[in-house]
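S.K.:
Number of protein chains: 4
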Amino acid sequence: MKHLVLVLLSVAWTAQVQAQDEWREKLDPKPTEVWKPVPVVSASPSFSLPPSDAIVLFDGKDLSQWVSARGGEAKWKVAEGAMTVQRNTGGIKTKREFGDVQLHIEWRTPSEATGEGQNRGNSGVYLQERYEVQVLDSYQNETYANGQAGALYKQHIPMVNASRKPGEWQSYDIVFTAPRFSEKGTLMVPAYVTVFHNGVLIHNHVPVMGPSVYQGLPVAEAHGKAAILLQDHGDAVSYRNIWVREL
Amino acid sequence: MKHLVLVLLSVAWTAQVQAQDEWREKLDPKPTEVWKPVPVVSASPSFSLPPSDAIVLFDGKDLSQWVSARGGEAKWKVAEGAMTVQRNTGGIKTKREFGDVQLHIEWRTPSEATGEGQNRGNSGVYLQERYEVQVLDSYQNETYANGQAGALYKQHIPMVNASRKPGEWQSYDIVFTAPRFSEKGTLMVPAYVTVFHNGVLIHNHVPVMGPSVYQGLPVAEAHGKAAILLQDHGDAVSYRNIWVREL
Amino acid sequence: MKHLVLVLLSVAWTAQVQAQDEWREKLDPKPTEVWKPVPVVSASPSFSLPPSDAIVLFDGKDLSQWVSARGGEAKWKVAEGAMTVQRNTGGIKTKREFGDVQLHIEWRTPSEATGEGQNRGNSGVYLQERYEVQVLDSYQNETYANGQAGALYKQHIPMVNASRKPGEWQSYDIVFTAPRFSEKGTLMVPAYVTVFHNGVLIHNHVPVMGPSVYQGLPVAEAHGKAAILLQDHGDAVSYRNIWVREL
Amino acid sequence: MKHLVLVLLSVAWTAQVQAQDEWREKLDPKPTEVWKPVPVVSASPSFSLPPSDAIVLFDGKDLSQWVSARGGEAKWKVAEGAMTVQRNTGGIKTKREFGDVQLHIEWRTPSEATGEGQNRGNSGVYLQERYEVQVLDSYQNETYANGQAGALYKQHIPMVNASRKPGEWQSYDIVFTAPRFSEKGTLMVPAYVTVFHNGVLIHNHVPVMGPSVYQGLPVAEAHGKAAILLQDHGDAVSYRNIWVREL
């Protein structure tokens with residue numbers, strides 16, 4: 007039935023479009039050209055380097071862009087172009103605070119997979135210190151779907167499982183639109199997140215109604231710009247090649 | 007003032023979160039775990055190969071997935087792993103029809119840039135045969151902003167200009183959500199498009215209110231699945247490495 | 007700071023708009039006129055009667071548009087222009103099934119408020135048999151916020167509490183956009199709900215990620231059109247003046 | 007085919023839901039209750055009076071809330087509980103500036119319909135001084151559809167024509183979400199508008215990509231809070247019963 011409706015509409019459409027074309031052909035195309043503003047350049051000379059307008063947060067050398075989430079210096083280990091969770095030193099977060107961003111980040115769970123479920127290669131990328139994209143070894147490792155790699159933790163299950171084997175580098179490309187509140191503090195526009203895991207779309211502009219929480223439901227709370235935070239969940243997860251573009 | 011409001015809200019938030027933490031700590035975390043459905047696997051063994059659940063539309067060898075938009079065989083030229091617009095043979099479109107997709111496509115405008123504005127390296131990627139992501143040599147080539155490379159033609163200006171030089175390969179990574187109509191044919195949910203140009207975000211889930219038109223304004227018309235179409239605009243634009251994932 | 011940015015942008019805007027006006031003034035206004043399609047008429051001769059294109063689901067006389075949610079005839083009581091939950095006979099649902107709708111419905115909780123929290127004047131309006139707008143006596147009656155009158159049950163807290171006293175008629179004006187799934191069954195566009203309670207906005211196009219559930223988290227499941235269902239929660243809640251417009 | 011898919015999915019759904027019910031039944035319902043924040047009260051004692059948290063912009067008596075859009079005092083005529091465009095005195099706008107609002111406004115075009123198309127009973131309600139909901143006598147009066155009563159001028163055609171006869175009072179109930187820009191001035195979230203015309207839904211959360219313009223296409227420009235403005239288009243259109251709630 008629905009199909010029939012679409013067929014009929016489609017026929018109607020063709021007829022209508024042709025009818026439209028007639029009146030359209032008489033229209034001047036100039037009034038629908040928009041010449042300003044002219045988009046600024048964001049050069050991207052290769053697929054492996056950050057674009058020219060990116061802020062590089064980690065280029066393999068040092069933690070100069072990071073502090074400990076507990077205060078003080080970031081204490082994760084830097085070696086061979088990667089930084090690695092130093093167990094029990096706490097998460098680390100960027101010195102800068104961000105609103106709307108495009109974020110590229112690469113991560114790797116330990117090649118010797120020990121533990122099960124949430125206890126295997128667990129870490130996390132927190133946008134604005136609140137909204138977690140889960141990092142986990144989800145290669146043949148069962149856990150709750152809204153807590154596996156790529157999940158917006160306990161809010162959105164990834165569309166597919168694009169996980170690579172432990173020990174292999176993986177990537178997240180994230181578009182984050184910060185939540186917008188009215189002056190009264192009401193959440194008017196939720197945060198929205200789009201995520202590609204290893205180049206595969208796993209979230210398409212999903213609404214995030216509040217901070218990621220382990221227990222209970224998220225509750226929206228007004229806030230401004232905030233840092234990007236990487237979680238210390240006790241596993242030796244590594245990160246590299248981190249850059250962000252402010253939108 | 008707004009800043010002050012945010013600061014105050016932020017303070018309130020910290021206090022409230024801490025208060026929340028108290029009641030939260032007593033909650034059982036299990037009821038917010040979701041174990042099913044389990045996301046299916048979409049393996050992505052490397053960054054240069056299509057994911058395992060992709061439909062390859064062009065792998066450099068032949069036009070077996072394509073027909074001419076005018077009917078009959080696709081007549082574009084295939085050589086050296088690329089296919090190139092054969093002037094005046096018309097556009098080509100996929101044999102398959104698609105709804106919601108993730109699309110990867112690479113393109114290159116002629117290395118000898120001749121012509122100006124819309125007359126330099128012009129082609130286009132049409133989603134569902136209606137919604138055009140503009141292909142154009144926009145490297146140091148002035149034209150109207152809503153008609154330059156990456157524009158949702160005459161509907162959305164790209165956020166930045168991420169164009170490479172003519173003769174260099176460029177990429178689009180596109181997430182397309184098809185428009186949804188009510189049974190009465192009313193547009194209930196517009197098409198939404200997210201586009202990365204050479205890895206740089208240029209459209210973030212922008213609404214597309216109707217088919218791309220040269221003259222006048224777009225008018226929404228109900229339709230079902232439809233092909234991906236590449237435009238013959240008279241310039242020898244090349245394409246390669248085209249794949250799509252149905253969402 | 008943000009304020010300053012806005013002030014500066016605002017100044018820039020004024021300058022730019024004036025600049026724009028110059029080039030705009032030369033443009034022909036005709037090409038941005040759209041003459042078709044012509045919207046059909048939906049006459050609304052008064053504020054107390056349904057519009058001319060509405061389907062009246064209850065006009066105070068009988069339950070001819072309804073069946074029991076358990077199967078068989080609807081067994082609620084009709085008297086004095088209202089229909090009232092007949093305890094333990096189960097919910098009732100419309101014979102027709104709906105997709106996207108505008109729904110008007112009036113309801114009244116018993117004037118003698120007995121019980122507390124969820125046990126006082128509890129019923130519910132389910133869109134598509136799955137998505138509940140809570141009906142409850144929330145006049146000076148504490149309960150969890152995501153379960154009070156007007157809540158999208160356990161998914162969205164109403165923006166304000168617009169409840170009237172028990173025994174008074176109240177209204178919901180609801181705009182419901184049905185969820186859209188891809189052919190693979192993936193939720194591509196969540197259901198969206200806008201609700202006015204007694205004329206006051208309490209939800210503005212909030213996403214509903216899955217069916218309302220008492221325990222655990224909602225899980226999206228693909229479905230087609232479905233009925234409007236009114237819940238029997240054991241309290242003698244009354245309804246009247248119910249109409250719906252298909253969008 | 008799609009229908010079949012939905013039927014199959016529906017069967018799967020029933021099975022799955024029942025399966026879900028089993029594990030769900032074991033879950034504690036408490037962790038998905040949210041007790042705070044408690045929504046504040048917005049009392050709405052009757053359907054004809056503004057809610058208790060509304061700002062009354064015109065109650066039939068004077069123009070104390072308004073100024074001329076040209077500067078200086080508002081010069082429209084107040085009589086019999088209505089205010090009427092005083093030709094050539096210019097539009098009027100509120101002294102207050104607004105962000106996100108729910109707006110109720112009533113309007114009436116002259117009972118003697120003179121002129122045709124855009125020249126019959128023309129005025130307009132501008133949100134944030136930029137985004138126009140068209141006011142026009144569109145009762146049996148042909149004009150371009152994106153310029154008739156209720157149109158988001160030259161951006162969105164109303165879903166239906168809910169117009170009453172000239173000389174009769176009509177209402178708009180509008181929900182307006184202000185556009186959100188990034189700190190760089192990029193439009194991150196467009197303005198969204200929902201409109202009921204005489205109680206009939208004519209726009210459901212439609213995106214407004216830039217200010218309403220007579221010529222050419224709208225171009226988004228960052229701005230902060232701004233007034234509500236009523237247009238003087240030379241016709242003696244009247245307004246009454248105007249109130250707004252800040253969201």
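Residue numbers (our numbering), protein chains in the order written: chain D, 7 to 253; chain X, 7 to 253; chain R, 7 to 253; chain Z, 7 to 253. No residue lacks a Cβ here, since even glycine has one placed at the ideal position from N, Cα and C.
#1: PRO185(Z) and PRO196(Z) - do their beta-carbons sit closer together than 8 Å?
#2: Taking 8 Å as the CB-CB limit, is THR266(X) close to chain Z?
#3: Restricting to runs no shorter than 3 residues, where is the beta strand (DSSP E) found entirely within the stretch 89 to 151 of chain X?
#4: Using the beta-carbon of each residue, which ones in chain D are nearer than 7 Å to SER50(X)?
#5: Report the option in TYR220(D), TYR198(D), TYR178(D) whose CA atom is closest to the CA atom of ILE248(D).
#6: Does LYS101(D) get closer than 8 Å to chain R when you measure Cβ to Cβ?
#7: Of the residues that make up the stretch 221 to 246 of chain Z, which ones have a beta carbon closer than 7 Å to any beta carbon in chain D?
#8: Quick check on the burial criterion: 16 or more other C-beta atoms within 10 angstroms. Buried or exposed for LYS160(Z)?
#9: Assuming contact is defined by CB atoms lying nearer than 8 Å, are SER2(X) and ALA75(X) in contact in what I supplied?
#10: Residues of chain R with a CB under 7 Å from the CB of GLY153(Z): which are they?
#11: By the criterion of Cβ-Cβ separation under 9 Å, what are the contact partners of LYS67(R) in chain D?
#12: If VAL212(R) and HIS162(R) are in contact, beta carbons under 8 Å, what's the gap, nearest whole angstrom?
#13: Assuming the contact rule is C-beta atoms closer than 8 Å, GLN176(Z) and HIS209(Z) should be a hit. Round their C-beta distance to whole Å, please.
#14: Where DSSP assigns a beta bridge to ILE180(R), which residues make up the other side?
#15: Pick from GLU189(Z), VAL44(Z), HIS229(Z), TRP113(Z): whose alpha carbon is nearest that of GLY156(R)?
#16: Listing by chain order, which chain R residues have their CB less than 9 Å from the CB of TYR178(Z)?
#17: Taking only beta-carbon positions, decide if PRO213(R) is within less than 8 Å of chain D.
#18: Is it true that the stretch 139 to 153 of chain R meets the stretch 68 to 84 of chain R, where meeting means three or more beta-carbon pairs spaced less than 8 Å apart?
#19: Can you pull the chain X neighbours of GLU31(D), defined as C-beta to C-beta under 8 Å?
#20: Does the distance from the CB of ARG136(R) to the CB of ALA232(R) come in under 8 Å?
#21: Could you check what DSSP says for LYS36(X) in three-state terms: helix, strand or coil?
#22: How big is the Cα-Cα spacing for ALA49(Z) and LEU253(Z)?
#23: Give the secondary structure of TRP72(Z) by DSSP, where H, G and I count as helix, E and B as strand, and everything else as coil.
#24: Along chain R, which residues have their Cβ under 7 Å away from the Cβ of GLU108(Z)?
#25: Under DSSP, the beta strand (DSSP E) around PRO213(D) begins and ends at which residues?
#26: Return the chain-ordered list of same chain residues with a C-beta closer than 6 Å to the C-beta of ALA60(Z), the five sequence neighbours on each side being excluded.
#27: Would ARG76(X) count as contacting chain R if we go by Cβ distances under 8 Å?
#28: Going by Cα to Cα distance, which pick from LYS36(Z), LEU133(Z), ARG30(Z), VAL73(Z) is closest to PRO217(Z)?
#29: By the three-class DSSP mapping on this structure, what secondary structure does GLU189(R) have?
#30: Going by C-alpha distance, which of PRO37(Z), VAL73(Z), TYR150(Z), SER129(Z) is nearest GLN237(Z)?
#31: Taking CB distances under 8 Å as the criterion, tell me whether VAL195(R) reaches chain X.
#32: Please state whether DSSP places GLU79(Z) in a helix, a strand or coil.
#33: Pick out whichever of VAL214(R), GLY153(R), SER169(R), THR192(R) has its Cα sitting closest to the Cα of THR183(R).
#34: Note down, in chain order, every chain R residue with its Cβ under 9 Å from the Cβ of HIS81(Z).
#35: To the nearest angstrom, how far is it from the Cα of VAL3(R) to the Cα of THR200(R)?
#36: Let's see if you can read the secondary structure: which residues bound the beta strand (DSSP E) around LEU63(X)?
M.R.: Short version:
#1: Numbered from 1 along the fourth sequence, position 190 holds the residue referred to as residue 196(Z). Numbered from 1 along the fourth sequence, position 179 holds the residue referred to as residue 185(Z). Going by C-beta atoms, PRO196(Z) is nearer than 8 Å to PRO185(Z).
#2: No answer is possible for residue 266(X): it lies beyond the span of chain X, which begins at 7 and ends at 253.
#3: The stretch 89 to 151 of chain X contains, as complete beta strand (DSSP E) runs of 3+ residues, the segments 98 to 100, 107 to 114, 129 to 133, 137 to 141 (chain order).
#4: Residue numbering aside, residue 50(X) sits at position 44 when the second sequence is read from its first letter. Those are ALA168, ASN204, GLY205, VAL206, listed as they occur along chain D.
#5: Here residue 248(D) refers to the residue found at position 242 of the first sequence. For ILE248(D), the nearest C-alpha among the options comes from TYR178(D).
#6: In the first sequence, the residue the question calls residue 101(D) occupies position 95. Nearest CB-CB separation between LYS101(D) and chain R: not below the 8 Å threshold.
#7: So the close ones are GLN221, GLY222, LEU223, VAL225.
#8: What you label residue 160(Z) is simply residue 154 of the fourth sequence in a count that begins at 1. Buried, by the Cβ-count rule.
#9: Coverage of chain X is limited to positions 7 through 253, which leaves residue 2(X) absent and any answer about it impossible.
#10: Locating residue 153(Z) in the fourth sequence gives position 147, where the first residue counts as 1. Under the 7 Å cutoff, chain R gives GLU39.
#11: For the purposes of this step, residue 67(R) is taken as the residue at position 61 of the third sequence. One finds nothing in chain D with a Cβ atom closer than 9 Å to the Cβ of LYS67(R); even the nearest lies about 31 Å away.
#12: Numbered from its first residue, the third sequence carries residue 212(R) at position 206. Numbered from its first residue, the third sequence carries residue 162(R) at position 156. Contact between VAL212(R) and HIS162(R) holds: their C-beta atoms lie close to 5 Å from each other, under 8 Å.
#13: Locating residue 176(Z) in the fourth sequence gives position 170, where the first residue counts as 1. Locating residue 209(Z) in the fourth sequence gives position 203, where the first residue counts as 1. Cβ atoms of GLN176(Z) and HIS209(Z) stay farther apart than 8 Å, at about 15 Å.
#14: Here residue 180(R) refers to the residue found at position 174 of the third sequence. Looking at the DSSP assignment, ILE180(R) forms a beta bridge with LEU109(R), VAL201(R).
#15: Sequence index remark: in the third sequence, residue 156(R) carries index 150 (1-based). Residue nearest to GLY156(R) within the set GLU189(Z), VAL44(Z), HIS229(Z), TRP113(Z) is VAL44(Z) (criterion: CA-CA distance).
#16: Working through the fourth sequence from its first residue, we reach residue 178(Z) at position 172. Correct list: empty, because the minimum Cβ distance to chain R is about 12 Å.
#17: Sequence index remark: in the third sequence, residue 213(R) carries index 207 (1-based). By this cut-off, PRO213(R) is an interface position.
#18: No contact exists between the stretch 139 to 153 of chain R and the stretch 68 to 84 of chain R.
#19: As a working mapping, residue 31(D) is identified with position 25 in the first sequence. At a beta-carbon threshold of 8 Å, the residues of chain X lying near GLU31(D) are GLN221, ordered along the chain.
#20: Position 130 of the third sequence, counted from the first residue, corresponds to residue 136(R). Position 226 of the third sequence, counted from the first residue, corresponds to residue 232(R). Cβ distance < 8 Å, so ARG136(R) and ALA232(R) count as in contact.
#21: By 1-based counting over the second sequence, the position of residue 36(X) is 30. LYS36(X): helix per DSSP, three-state reduction.
#22: In the fourth sequence, the residue the question calls residue 49(Z) occupies position 43. In the fourth sequence, the residue the question calls residue 253(Z) occupies position 247. Whole-angstrom Cα-Cα distance: 15 Å.
#23: Taking the first residue of the fourth sequence as 1, we reach residue 72(Z) at position 66. Three-state result, TRP72(Z): strand.
#24: Counted from its first residue, the fourth sequence places residue 108(Z) at position 102. Reading off the sequence, residue 108(Z) comes out as Gln, not Glu. Those are LEU207, listed as they occur along chain R.
#25: By 1-based counting over the first sequence, the position of residue 213(D) is 207. Element bounds for PRO213(D): 206 to 214.
#26: As a first step, residue 60(Z) is located in the fourth sequence; it is residue number 54 there, counting from the start. The residues are TRP249, ARG251.
#27: As a first step, residue 76(X) is located in the second sequence; it is residue number 70 there, counting from the start. False, the Cβ-Cβ gap to chain R never drops below 8 Å.
#28: Position 211 of the fourth sequence holds residue 217(Z). Between PRO217(Z) and the set LYS36(Z), LEU133(Z), ARG30(Z), VAL73(Z), the nearest pair of CA atoms involves LEU133(Z).
#29: Residue mapping note: residue 189(R) aligns to position 183 of the third sequence, counting from 1. Looking at GLU189(R) - three-state DSSP - the assignment turns out to be coil, as it is neither helix nor strand.
#30: Taking the first residue of the fourth sequence as 1, we reach residue 237(Z) at position 231. Residue SER129(Z) is the option with its Cα nearest to GLN237(Z).
#31: Taking the third sequence and counting its residues from 1, the one referred to as residue 195(R) is at position 189. Chain X contact via Cβ: present.
#32: The residue given as residue 79(Z) occupies position 73 in the fourth sequence. Residue state for GLU79(Z) is assigned as strand, using DSSP reduced to three classes.
#33: Counting from 1 along the third sequence, the entry for residue 183(R) is found at position 177. Checking every option, the nearest Cα to that of THR183(R) belongs to VAL214(R).
#34: In the fourth sequence, counting from the first residue as 1, residue 81(Z) sits at position 75. Sequence check: residue 81(Z) is Lys here, not His. Simply none; closest approach about 24 Å.
#35: Coverage of chain R is limited to positions 7 through 253, which leaves residue 3(R) absent and any answer about it impossible.
#36: As a first step, residue 63(X) must be located in the second sequence, where it is residue number 57. LEU63(X) -> beta strand (DSSP E) spans 61 to 64.
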